[in-house]
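Protein sequences appear in the order of chains P and S.
Numbers in the numbering used here are just positions in the first sequence, counted from 1, shifted up by 46.
At position 172 of the second sequence the residue is numbered 161 (the numbering used here), and the sequence of numbers has no breaks.
Every residue gets a Cβ at the ideal spot worked out from N, C-alpha and C, and that includes glycine.
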Amino acid sequence: MKKGIIQFLIVILVVGALVYAALCGVGGVIKPVREGVVLGLDLVGGSEITYEAVVPEKLSASELQSGMEVARTMLQQRLDFLGYTEASAYISGERRLVVEFPSVNDPEAAVQKLGATAVVNFVDADGKVWLSGSEIDSAAYENSPIDDSGVMVPHVVLELTDEGRQKLHEASTAIVNRVSDGTNYLAIQLDGEEISKPYVNTVLNSSSVVIEIGSAEDPVSEAKYLADIISAGRLPFELTTAKQQTIGASLGEKSLSTSLKAGLIGLILVMLFMIVFYRLMGLYSCIALVCYTALFGVAISVFHVNLSLPGIAGIILTVGMAVDANVIIYERIKEEIRVGKTLRYAVVSGYKRALLAIIDANVTTMIAAAVLLWQGTGTILGFATTLLIGVVLSMLVMLILTRILLQAGISVGLVNPKLYCVNKKEEA
Amino acid sequence: MDKFRSFSFTKHFKVFAIISAVLIAAGLVGLILSLCGVPNVFNFDIDFVGGTTFEFQLDRTADKAVTDHVAELYEQALGRKPSSVTSTGETGVRIKALELTDAEVEAVRDAVVQAYGVDVEKGYQVERVSASVGKDLTRSAFLASGVAVLLILIYIAIRFEFRSGIAAVIALIHDLLVMLSVYVIFRIPFNINFIAAALTILGYSINATIVVFDRVRENRKTMKTGSFPVIVDTSIWDTMSRSINTTVTTLIVMLMLLIFGVSSIRNFALPICVGVLCGCYSSVCISGPLWNLLSRAGKKA
């Protein structure tokens, strides 16, 4: 009899410790759920942009791979100099790049600036390209007077290569003659968009070119951005926006709080259902459910699961499914009692007979979750992870814990069939 | 429950077959029409076909006049109409449109933000998907469902027998088609969440079927005298309490999400609720009797 009470105490202590670990963390090893969990874009707000590389034909797989790596590094550099230090860029699949921002004011502007290919061309009035990015040696931001007036002007200074100087010479020689009809300019384009249009009045033979910033809102940062993007070099591919998602912080918070509320109410209702239907055994399930929920919290904290809305739905779903193992066993135990077996024997054989069905059933759910892990992207991955963790954990917890509790209960004398939902009449 | 035990599922299979045919009709017809290129059978979300959706939290209630005005703002900004403008929640407005360029997205955003005092950092949401991403998603959706069904078939064939695997898989496809019917009839946005919901139901429904089949496997050994249809019926009734109770607990939690959740989670919870009910129905009324039917057909052949 004493042994049973000790078992009860141990179970309560273990469950209590797990709940504590989930809520408050343990030392530096396990962080509290609130800190350990990585909340997805749809729960905290932020932006996610997927770029797709426009890959030229006849590019080998290894060239594509190294090109993507270069593009990723460059995106990360651009993120840094644009001031998005918390943002990250990663490669997804063969030809996609994903950039994530925790929060950003003007996501559309970020999309445009990041995705710029940074192809610089010097074009005349007829659209002829005289010079391009490969003839630029370096680009630097300067804030100094550029003419005799002495007014400080933010601008970009391009240093050309020898070849570039040669080409500029040729260009200016051709263009200077057009002064009569006013088309004697050499426009500087970035990604096809004109950023400066200096007029050529003399034949040029210099290796440096000044780009003036026109009427930008913030000419200093515009000039800095331009210098950075040109000197960082051009991306190996043109990037198009394949997917963009921006979610405001308050919309995210609302999703999180309502889902958690729904989960909590669902959990309590399931517990009530179990107690009404299976009485003492149902109560054991409730203890196991609390343990399961706490353990799940610890697991998502330890594995840093990226939790998104479908992920939370997955967790809530597993709560409903977790009791399935218990339902199968309890029904079995009731049957065994009805056919006249003693309670102790009914528990042993109930578990034994139900085990096979539970394993087979859970393996198939795991197959579905594993396929999702393999084929899924983004939020679906989070859903599959939580489903998989849920199936494995629930099977372990609901099987082991309820069994310990049941046997402990019997050894301390909780043997009245009514406690196990079997009426005397049925028993006979 | 015992007083109903005389009801035979195997003998009434025809009735269930007719009920199922009605349930899957909309989904099946919708699927075939869609594959033949008929548009708008499913309410395809931008995940699959590409496009843009905006969501704004306005500074006032989003009634009909407001949504109409938002549609006007959109038309002024881009010179064409959006696909749809609807209200979500009390102050939310959702615009659905085709693929837009960066500048166009910005123009629409600025127009609505200025007119309705939207807090860009908090109450603004945009999602853009290009058609190529949509194509990839469609491909992986079909691939994932196909592979999952195949793996499950192999597993059941190993653990039970091949004919039971076929019966289980037919029940699964039945469940998926019923879910498709729900998408067609209720015009639920058909997006990436469908894949998650469908595979969940795949796992859930097979779970229920296996519990029944496991009982058949066991009763076959113990009930030496019974014929196969009798064994199947007995097994279905033996596991009835479990089938119902598990469905109830799962439904409870999903219903809570349906009641309290935000619109995107409701769109996810509804098909799962239907799938759970349908999984319970198919595992009780369809898969067992079907195994019986296939096993009889096998003997005749």
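Rounded to whole angstroms, the separation of the alpha carbons of Met114(P) and Gly40(S) is 25 Å.
Annotation: Ser272(S) has no Cβ neighbours in chain P at a cutoff of 8 Å; minimum Cβ distance is about 10 Å. Beta-bridge annotation (DSSP): Thr77(S) is paired with Gly81(S). Comparing alpha carbon positions, the residue from Glu44(S), Ala92(S), Gly250(S) and Glu150(S) closest to Ser73(S) is Glu44(S). With a cut-off of 8 Å on Cβ pairs, the stretch 370 to 379 of chain P is in contact with the stretch 395 to 410 of chain P, counting three or more such pairs. Taking a C-beta cut-off of 8 Å against chain S, the contacting residues of the stretch 309 to 327 of chain P are Gly309, Ile311, Gly312, Leu313, Leu315, Val316, Phe319, Met320 and Phe323, listed in chain order.
When the five nearest sequence neighbours on each side are left out, the beta carbons in the same chain lying within less than 7 Å of the beta carbon of Thr207(P) are those of Glu181 and Asp183, in order along the chain. Apart from the 5 residues on each side of it in sequence, Leu191(S) sits with its Cβ closer than 8 Å to the Cβ of Ser134, Ala137, Val138, Ile141, Leu161, Asp164 and Leu165 in its chain, given in chain order. Residue contact with chain S for Lys104(P): absent (no Cβ-Cβ distance below 8 Å to any residue of chain S). Boundaries for Glu44(S): no alpha helix (DSSP H) harbours it, while the beta strand (DSSP E) harbouring it runs Gly40 to Gln46, taken from the DSSP string.
In this structure, Val94(S) lies near Arg117(S), with their beta-carbon atoms less than 8 Å apart. Pro191(P) counts as exposed, since fewer than 16 other beta carbons sit within 10 angstroms of its beta carbon. Within the stretch 68 to 88 of chain S, contact with chain P at the beta-carbon level (separation under 7 Å) is assigned to no residue.
Here DSSP, grouped into helix, strand and coil, assigns Ala99(P) to strand. With fewer than 16 neighbouring CB atoms inside 10 Å of its own CB, His1(S) falls in the exposed class. Not one beta carbon of chain P lies nearer than 8 Å to the beta carbon of Val167(S). Taking a Cβ-Cβ threshold of 7 Å, the residues of chain S close to Pro356(P) are Asn182, Ala185 and Phe257, in chain order.
When CB distances to chain P are screened at a threshold of 7 Å, the residues of the stretch 133 to 159 of chain S falling below it are Ala133, Val136, Ala137, Leu140, Ile141, Tyr144 and Arg148, in chain order.
In this structure, Val109(S) lies away from Ser301(P), with their beta-carbon atoms at least 8 Å apart. Straight through space, the alpha carbons of Phe(-7)(S) and Leu279(S) are spaced by roughly 21 Å. Around Lys289(P), the beta-carbon contacts reaching into chain S at under 7 Å are Arg117, Val118, Ser119 and Val122. Below the 9 Å Cβ cutoff, chain S contributes no neighbours of Met441(P), its closest Cβ being approximately 11 Å away.
For Met444(P), none of the residues of chain S pass the 7 Å Cβ criterion, the least Cβ distance being about 12 Å.
At a cut-off of 8 Å between beta carbons, Tyr113(S) contacts chain P. Unbroken alpha helix (DSSP H) stretches of 4 residues or longer found wholly inside the stretch 374 to 442 of chain P: 389 to 421, given in chain order. Taking C-beta separations shorter than 8 Å and ignoring five residues to either side along the sequence, the partners of Asn247(P) in its chain run Val222, Val225 and Asn230, following chain order. When Cβ pairs closer than 8 Å are counted between the two stretches, the stretch 306 to 321 of chain P is seen not to touch the stretch 117 to 132 of chain S, the count staying below three. With fewer than 16 other Cβ atoms inside 10 Å of its own Cβ, His350(P) counts as exposed.
In the DSSP assignment, Asp108(S) falls outside any alpha helix (DSSP H), carrying neither H nor E. Cys262(S) sits close to Leu240(S), with the two beta carbons spaced by under 8 Å. For Ala415(P), the C-beta contacts it makes with chain S under 9 Å involve Leu188, Thr189 and Gly192, in order along the chain. When only Cα atoms are considered, Gly360(P) and Leu306(P) end up about 12 Å apart. Distances from the CA of Arg141(P) to each of Thr448(P), Ala415(P), Ile311(P) and Thr286(P) were compared; the closest alpha carbon is that of Thr286(P). Taking a contact to require three or more Cβ pairs closer than 8 Å, the stretch 163 to 180 of chain P and the stretch 230 to 244 of chain P qualify as touching. About 7 Å separates the CB atoms of Gly112(S) and Leu297(P); that is less than 8 Å, so the two are in contact.
Within chain P, the residues placing a beta-carbon under 7 Å from that of Arg231(S) are Val373, Ile374 and Glu377, ordered along the chain.
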